[in-house]
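Scroll down for the structure; my scribbles are underneath it.
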Amino acid sequence: MKKPSYKLYTFVFALALPFVGGCKAPDINIGTKEVSYWGLFEPEAVMSPLISDFTEKNSGTKITYEEQRFDDLASYKETLLTRLKEGTGPCVARIHQSWVKDFSAELAPVPSSFNYEETFYPSAQESAKVGGSYFAVPLMYDGLVLFYNPSMFAASGIDKAPLTWDEFRSDAVKMTKKDEKTGIISQAGAAIGAGANISHASDILGLMWAQTGVSVPEDLNNQAAYDALTFYTDFVKKDKVWDAALPESVRAFAEGKVAMIFAPSWRIFDIKGVNPSFEFKVAAAPQVPQLGDEEVSNVHWSSFWMEVVSKDCKAQNQAFSFLSYLTSAEGQRMFFDEATKSRPFGEPYARVDLAESLKDDTVLGAIVAGAPYSFSGVITDQAGNTKEVEAVVTAIEGNLKGDSEEEVLGVLQKTLQASE
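According to mature numbering (1 follows the signal peptide of the UniProt record, and there is no 0), the stretch in the sequence shown is residues -25 to -1, 1 to 395, in order.
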């Protein structure tokens, strides 16, 4: 009998090696879809618990979150759009509501499962919809409200926030204090009427235009647009409740130099950063008188951020699944609660059905009350729209120097139309 071949045994043994106990363990990440996420304003400490909760329930998805930090939001906007066009951008990113149209060609449409019309405010619907599809999902809402100093109100015998612009003007004049000899303002009644040293000046004017039915930029050449600009600048030209010598408006308010300013809710963190013990109140923006059943208008100005998914993302289903989780009632509450651990409050809810839980909040109540009736636009300040906002400020300052409303708004209209 022939002896077995040792070469044959060696060959068989070599084939068997991969299947014995010492073989390489299987890669548990095979099939995992990775979603890269560029965020703004929210640190990883806030987002990590939400990401962990989602990935525990969706083991095939990995979320990599990175908070973006740029010198200015215009740089972030330009960088993100360039990266998306090149196909090297993140799967998910945060953009301002006024950017959606410019970004839409690079984005994946939002699935119908989000029930957009039932879930989110009209302002979000209008901002996110391009050509019949939605291209962005809000995780939050914010808008312009009135911040006021109750001590200054009480000292002037004013017991409530103004409901109308006429009341606002009367209150502002009453609370303005000046040096009798020099005319220098020692206490401004309101930060309004100028451009350069008023944060959110373009938002205030945008609010006035929205309240009087002016569409920007289409209607900037009509009388209603002219009248709103005149009404705005008259606070400086005629009423003299504010002037160019005062500090930037948010700082001036924090330092007790002005009784009223307009700002979104996040400015509270800036105010408290300057003056932690400062006590102030928040109210809805003033309205204009109306004919008919309603005594005054109910029109407000929004400015918030939305999440988008790149059309080049290889994990679009997972990306939208994550955004669906973040915009669910459970996700929204957790998002708010996690943020509140490191600051006074989280971003106001994006969902209509959660507004009730904030209506009695001394700060956010006024924000969500105006949410169903808000408008917005590309002239929104602190949103990366540098060219457009500067054009509005130039129009305001030009009118203060004597240029006619027709002239300055004509230039503004052309500038805004050129950027569309």
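The C-beta atom is built at its ideal place from N, Cα and C for all residues, glycine as well.
(1) According to the Cβ coordinates, are A203 and W217 closer than 7 Å?
(2) Could you tell me how far apart the beta carbons of S351 and S102 are, in whole angstroms, since I believe they sit closer than 8 Å?
(3) Measure the Cβ-Cβ separation of G359 and A49 and say whether it is below 7 Å.
(4) Going by alpha carbons, who is nearest to W74 out of K362, V353 and G377?
(5) If you compare alpha carbons, which of E61, K52, P239 and A80 is closest to A68?
(6) Does residue 453 come out as helix, strand or coil in the three-state DSSP assignment?
(7) Helix, strand or coil, according to DSSP, for V327 in the structure here?
(8) Under 6 Å Cβ to Cβ from D58, same chain only, skipping five residues before and after it: list those, please.
(9) Apart from the five residues just before and just after I133, which ones in its own chain have a Cβ nearer than 6 Å to its Cβ?
(10) Label A20 either buried or exposed according to how many other C-beta atoms from any shown protein chain fall within 10 Å of its C-beta, with 16 as the threshold for buried.
(11) Report buried or exposed for S296, applying the criterion of at least 16 other Cβ atoms within 10 angstroms of its Cβ.
(12) Using 8 Å as the threshold, is the region 93 to 110 in touch with the region 34 to 43, meaning 3 or more CB pairs across them?
(13) Nearest by alpha-carbon distance to N273: which of A219, P251 and W140 is it?
(14) When the Cα of I167 is compared with those of T36, N197, L221 and D117, which residue comes out closest?
(15) Excluding the five sequence neighbours on either side, which residues of its own chain have a C-beta within less than 6 Å of the C-beta of T208, listed in chain order?
(16) What number of angstroms, rounded off, separates the C-alpha of F45 from the C-alpha of F255?
(17) Along the chain, where does the beta strand (DSSP E) containing Y123 start, and where does it finish?
(18) According to the Cβ coordinates, are L82 and V283 closer than 7 Å?
(19) If you follow the beta strand (DSSP E) that T355 is part of, which residue opens it and which one closes it?
(20) Label N90 either buried or exposed according to how many other C-beta atoms from any shown protein chain fall within 10 Å of its C-beta, with 16 as the threshold for buried.
(21) Per DSSP, what kind of secondary structure is V211 in: helix, strand or coil?
(22) Hey, quick one: how far does the beta strand (DSSP E) through V258 stretch, first residue to last?
(23) To the nearest angstrom, how far is it from the Cα of L25 to the Cα of E31?
(24) Taking the alpha carbon of G231 as the point to measure from, which residue in S240, K104, K247 and S285 has its own alpha carbon closest?
(25) Fully enclosed by the region 63 to 130, which alpha helix (DSSP H) runs are 4 residues long or longer?
(26) Should E395 be labelled buried (16 or more other beta-carbon atoms within 10 Å of its own) or exposed?
(27) If I follow the unbroken beta strand (DSSP E) through F237, where does it start and stop?
(28) Can you find the residues in the same chain that come closer than 8 Å, C-beta to C-beta, to R326, ignoring five residues on each side of it along the sequence?
(29) Round the Cβ separation of T187 and V257 to the nearest angstrom and send it over; I've been treating them as touching at under 8 Å.
(30) Ignore the nearest five residues each way along the sequence and tell me which others in Q388's own chain have a CB closer than 7 Å to its CB.
(31) Express the C-alpha separation of P86 and K(-2) in angstroms, rounding to a whole number.
(32) Quick one: Cα of S88 to Cα of V112, how far?
From the atom records:
(1) no
(2) 6 Å
(3) Yes, the pair counts as a contact, with Cβ atoms nearer than the cut-off.
(4) V353
(5) When each option's Cα is compared against that of A68, the closest is K52.
(6) Residue 453 falls outside the range modelled here, since the chain spans only -25 to 395, and no answer is possible.
(7) helix
(8) A small fix is needed here, since residue 58 is Arg in this sequence, not Asp. G64.
(9) D146
(10) exposed
(11) buried
(12) no
(13) The residue from A219, P251 and W140 with its alpha-carbon nearest to that of N273 is W140.
(14) L221
(15) G168, N374 and L375
(16) 31 Å
(17) V120 to Y123
(18) A contact, by the Cβ cut-off of 7 Å.
(19) From DSSP, T355 is part of no beta strand (DSSP E); its letter is neither H nor E.
(20) exposed
(21) V211: helix per DSSP, three-state reduction.
(22) Note on residue identity: the sequence assigns Ala, not Val, to residue 258. Note, A258: beta strand (DSSP E), K256 to A258.
(23) 10 Å
(24) Nearest of S240, K104, K247 and S285 to G231, Cα basis: K247.
(25) When DSSP assignments are scanned along the region 63 to 130, the uninterrupted stretches of alpha helix (DSSP H) that are 4 or more residues long and fall wholly within it turn out to be 75 to 78, 91 to 94, 97 to 103 and 125 to 130.
(26) With fewer than 16 Cβ atoms within 10 Å of its Cβ, E395 is classed as exposed.
(27) M235 to A238 is the extent of the beta strand (DSSP E) around F237.
(28) Only T94, F95, T302, A304 and Q307 meet the Cβ criterion.
(29) T187 to V257, Cβ: 24 Å. No contact.
(30) P192, L195 and N196
(31) Residue placement at K(-2) is flagged as unreliable, the pLDDT there being 38, under the threshold of 50; the coordinate-derived value follows with that caveat. So the alpha carbons of these two residues sit roughly 41 Å apart.
(32) 12 Å
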